[in-house]
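Chains as they are written, first to last, in our numbering: chain A, 4 to 597; chain B, 200 to 550. Even for Gly, the Cβ is constructed at its ideal location relative to N, Cα and C. Since the model is a prediction, treat every value here as computed from it, not as a measurement.
Quick look at the structure:
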């Protein structure tokens, strides 16, 4: 193999599994260390720069970082990254003086944002400090989008939501709330320099089965029902509720039903329990509230008596894998299952909908009615129109909407500056040696062996009776500290200088996880087998040095490195050293004016 | 020294041996030697050798004298027996322990100061007595613990870190051991575990006195380009007489080599030392050839390593002394005090 090019920012970024997995590339270990030092406001700002809504995401994020966390590969469970983020938000002091200043003198560019959800607000946050004027259109009378309408208050208290929305709104936005945009043509006619569409995926899917028409009064789609609950248009539901679907919306629907008078609430899914799309922790929370999940039940019809919905019929199925490796659901032949119900909530998916965008504006749509976007610019085929969040690539999560917002804001800025949209600035990387003394580092490498700490919950008797009472209490400072010590500090990189190595094997001997080998160079596949411990996880790179005195090379398997720094502590020549690589993706503000 | 404990997390694919233990279970406390000390690699090699052989840690005794080398036993097999004895007196303690309980594996660890200077007399006699043990000298050619004075194994012409030149003929520990009748003599290098680990395993399986002289550079006080015992000089000048594999008794030999390229030596316990790519048809059972080779390489400034000499026909101390073949701690009062009749019988033989 060729020596690894560690000057490539992506190389060490990839080693920080959590940050790499985060769509917004939040520097996770950096803020976890700040939390350990009780520097909550600093930790909050690291988050705010990257993900804009730390308090909201610290409660609701889909956490792509956690399955990626290295801790999960050397121990049982990842670090509770998401809930530590919440700690930063919960314990910070007033951070308003740390927010970027908004120039009084504007730059003369005017941008329209359609939909006041996470994507649009991210665009606004990134462009306002550059002097842009922003007009924000929102159908609802208040901002927040899915963060307000789709996430129940017992998971995200109103004050947390409002606080973080206002950090952006208070930067000075022309808010046109309660105004449903019905024509893109008229928006474009207003002469905006760019238009950003962040309208989400607002259409809930119905399950059109026999009896649908008669049952309509007691049928709901998940997202519309949740929105109605959020705006207090709906305040009760029948005693027996069936929630169809296995995603996070279904979990929110069933838990909300329990709080609105549902006594027997069940979740029913077509496929197996293991195939449910909802995050495992959301399923756990639903089950903890005594909500059964019935799997392998395919809905067949709504049962109507006296013109009213009284139940649903399901066919029982089992899973089989056919010869093409595809999963099939085969009827078991058992008697149909009848489940009595007063209400049914269909949480089986949602769709994009752009009836308000005229098709003669040069904005092309694909066969799934999604806008055709140019690469990663989030720019549509009309160069002035950009899309982000669910409206760009279909239903996804908040953190991905934020990531889209960052990229779209950068694109809009480059467009307004008349620069090439594909000539995007490199990430901002800060490299710092961590050596303090012979065997002392400026980070704590004495990681804890403890298992993941659980977040305390409020008593079920209380939370089920108050729809606004937050279920999770969050970590207290002590628990948070204990959890931070589980973080392996993957951003503190092991940097190897081959010219300094005397091949004494000290690093090989001390490495707790057998990551380091000195061996003859070979092709990657051979090398992976030749190491002290085989490197079987091909998603993780090998760090390979140039030839050493003996002609051998150093090959380090990044997969299981604990970043404990013992290799560098034992290295007599500092051929190994620990460097912190702090990486932030480039935002609009980082684009160089030409 | 490092301030933190080694994290307990290990590679999830770490192999377990016949006892269900992994290599990590054979570790000792975290080293307090200088980072880069060859001695740490010797500990690591012993850990690997013992784990692969499925040695029961509590059936091993580690005995050492004084010096950096003699700290090594702390850093491996923390569940084994240990005795950190007086300077240069490890051989006496090892001999006594071995006489008392011949069922244990004895690993004696010493350095060039401990064995070639203050303990040279003790060393000579334990070799002569053929105590059944593995005797390792971690040889760095310097007194590291007292900050870098020349030791008796420093090659003539080699210089200390402060620039002093070695003016006396050095003591070649391997040559001495062969001369004095050691039945297993090897030399290796701490940086080359591929060679050191099978040699340690062979030494542990050998019945009789097994001696391994391990060049183990002192990274702090004797690692300059002008030192014969530094990493650079050793990497450049060590010559392996053959590649060594150790095949434990229970395993079948699966590797096939071209005829003439290999040489198998079956030990008393049935395990096999497999030598291949042997340098000019070197015969490690020929004492004179062994001594000649060491000397020949030394003249060229080279360090001959590998299995230098083996003789499986000698008797160990218990055999020559007709001792009881059970550990003393397993004997009952009747055996230990056989009574007046037995005493009279012995006395009669002197009349």
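Short Cβ contact (8 Å threshold) for residue i with residue j
{"i": "residue 415 (chain A)", "j": "residue 114 (chain A)", "result": "yes"}
{"i": "residue 317 (chain A)", "j": "residue 295 (chain A)", "result": "no"}
{"i": "residue 280 (chain B)", "j": "residue 313 (chain B)", "result": "no"}
{"i": "residue 382 (chain A)", "j": "residue 373 (chain A)", "result": "no"}
{"i": "residue 559 (chain A)", "j": "residue 545 (chain A)", "result": "yes"}
{"i": "residue 391 (chain B)", "j": "residue 352 (chain B)", "result": "no"}
{"i": "residue 314 (chain A)", "j": "residue 343 (chain A)", "result": "yes"}
{"i": "residue 418 (chain B)", "j": "residue 233 (chain B)", "result": "yes"}
{"i": "residue 524 (chain A)", "j": "residue 32 (chain A)", "result": "no"}
{"i": "residue 126 (chain A)", "j": "residue 116 (chain A)", "result": "yes"}
{"i": "residue 598 (chain A)", "j": "residue 102 (chain A)", "result": "Since the first residue of chain A shown is 4 and the last is 597, residue 598 (chain A) is not available in this structure."}
{"i": "residue 285 (chain A)", "j": "residue 254 (chain A)", "result": "yes"}
{"i": "residue 516 (chain A)", "j": "residue 564 (chain A)", "result": "yes"}
{"i": "residue 445 (chain B)", "j": "residue 464 (chain B)", "result": "no"}
{"i": "residue 244 (chain A)", "j": "residue 225 (chain A)", "result": "no"}
{"i": "residue 439 (chain B)", "j": "residue 504 (chain B)", "result": "yes"}
{"i": "residue 408 (chain A)", "j": "residue 122 (chain A)", "result": "yes"}
{"i": "residue 389 (chain A)", "j": "residue 197 (chain A)", "result": "yes"}
{"i": "residue 63 (chain A)", "j": "residue 470 (chain A)", "result": "no"}
{"i": "residue 489 (chain A)", "j": "residue 19 (chain A)", "result": "no"}
{"i": "residue 482 (chain B)", "j": "residue 404 (chain B)", "result": "no"}
{"i": "residue 238 (chain B)", "j": "residue 337 (chain B)", "result": "yes"}
{"i": "residue 318 (chain B)", "j": "residue 290 (chain B)", "result": "yes"}
{"i": "residue 55 (chain A)", "j": "residue 34 (chain A)", "result": "no"}
According to DSSP, residues forming a beta bridge with residue i
{"i": "residue 113 (chain A)", "result": "A:136"}
{"i": "residue 386 (chain B)", "result": "B:412, B:505"}
{"i": "residue 177 (chain A)", "result": "A:138"}
{"i": "residue 434 (chain B)", "result": "DSSP output for residue 434 (chain B) lists no bridge partner at all."}
{"i": "residue 190 (chain A)", "result": "Residue 190 (chain A) pairs with nothing; no bridge assigned."}
{"i": "residue 207 (chain A)", "result": "A:353"}
{"i": "residue 558 (chain A)", "result": "A:520, A:547"}
{"i": "residue 379 (chain B)", "result": "According to DSSP, which records beta bridges pairwise, residue 379 (chain B) is partnered with nothing at all."}
{"i": "residue 525 (chain B)", "result": "DSSP lists no partner for residue 525 (chain B)."}
{"i": "residue 233 (chain A)", "result": "Paired residue(s): none; residue 233 (chain A) is not in a bridge."}
{"i": "residue 342 (chain A)", "result": "A:315"}
{"i": "residue 199 (chain A)", "result": "A:116, A:389"}
Run of the alpha helix (DSSP H) containing residue i, from where it starts to where it stops
{"i": "residue 184 (chain A)", "result": "That residue, residue 184 (chain A), is in no alpha helix (DSSP H); it is neither H nor E in DSSP."}
{"i": "residue 309 (chain B)", "result": "It is not in any alpha helix (DSSP H) - residue 309 (chain B) instead sits in the beta strand (DSSP E) that spans 304-310."}
{"i": "residue 350 (chain A)", "result": "Where residue 350 (chain A) is concerned, there is no enclosing alpha helix (DSSP H), given that its DSSP letter is neither H nor E."}
{"i": "residue 248 (chain B)", "result": "237-251"}
{"i": "residue 130 (chain A)", "result": "121-130"}
Residue i, enclosing beta strand (DSSP E) - first and last residue
{"i": "residue 308 (chain A)", "result": "300-308"}
{"i": "residue 281 (chain B)", "result": "280-283"}
{"i": "residue 338 (chain B)", "result": "332-338"}
{"i": "residue 497 (chain A)", "result": "495-499"}
{"i": "residue 551 (chain B)", "result": "Residue numbering for chain B in the displayed model covers 200 to 550; residue 551 (chain B) lies beyond these limits and cannot be assessed."}
{"i": "residue 537 (chain A)", "result": "Neither: residue 537 (chain A) is in no beta strand (DSSP E) and is coded neither H nor E."}
{"i": "residue 584 (chain A)", "result": "579-587"}
{"i": "residue 334 (chain A)", "result": "330-334"}
{"i": "residue 445 (chain B)", "result": "442-446"}
Measuring CB atoms only, is the segment 296-308 of chain B touching the segment 524-531 of chain B, in the sense that at least three cross pairs come out at less than 8 Å? yes
For the segment 501-519 of chain B and the segment 367-385 of chain B, state whether three or more C-beta atom pairs, one from each stretch, are separated by less than 8 Å. yes
At least three beta-carbon pairs within less than 8 Å, the segment 554-572 of chain A to the segment 35-50 of chain A: no
I'd like to know if the segment 228-235 of chain A and the segment 141-155 of chain A are in contact, where contact means that at least 3 CB-CB pairs between them fall below 8 Å. yes
Any 3 or more C-beta pairs closer than 8 Å across the segment 210-230 of chain B and the segment 248-256 of chain B: yes
Residue ranges of each alpha helix (DSSP H) run of no fewer than 4 residues wholly in the segment 374-405 of chain A, ordered along the chain? 393-396
Enumerate, from N- to C-terminal direction, the unbroken alpha helix (DSSP H) stretches of 4 or more residues contained entirely within the segment 15-94 of chain A. 20-24, 31-39, 43-54, 57-63, 68-71, 74-77, 84-94
Any chance you could list the alpha helix (DSSP H) runs of at least 4 consecutive residues sitting entirely within the segment 390-478 of chain A, in chain order? 393-396, 401-419, 463-466
Does the pairing of the segment 493-503 of chain A with the segment 224-231 of chain B give three or more beta-carbon distances under 8 Å? Three or more Cβ pairs closer than 8 Å define a contact, and the segment 493-503 of chain A falls short of that threshold against the segment 224-231 of chain B.
If we count Cβ pairs, one from each stretch, closer than 8 Å, do we get three or more for the segment 328-335 of chain B versus the segment 356-367 of chain B? With the cut-off at 8 Å, the segment 328-335 of chain B and the segment 356-367 of chain B do not touch.
Taking only runs that begin and end inside the segment 455-501 of chain B, name each unbroken alpha helix (DSSP H) of 4 or more residues, in chain order. Whole alpha helix (DSSP H) segments, 4+ residues: 486-498.
Should the segment 332-347 of chain A be called in touch with the segment 242-262 of chain A, which here means at least 3 C-beta pairs below 8 Å? yes
Touching or not, the segment 159-176 of chain A and the segment 194-212 of chain A, by the rule of three or more beta carbon pairs under 8 Å? no
Do the segment 133-142 of chain A and the segment 89-96 of chain A meet, that is, are 3 or more Cβ pairs less than 8 Å apart? no
Quick check: the segment 419-429 of chain A against the segment 202-210 of chain B, are at least 3 beta-carbon pairs closer than 8 Å? Result no; under three Cβ-Cβ pairs closer than 8 Å.
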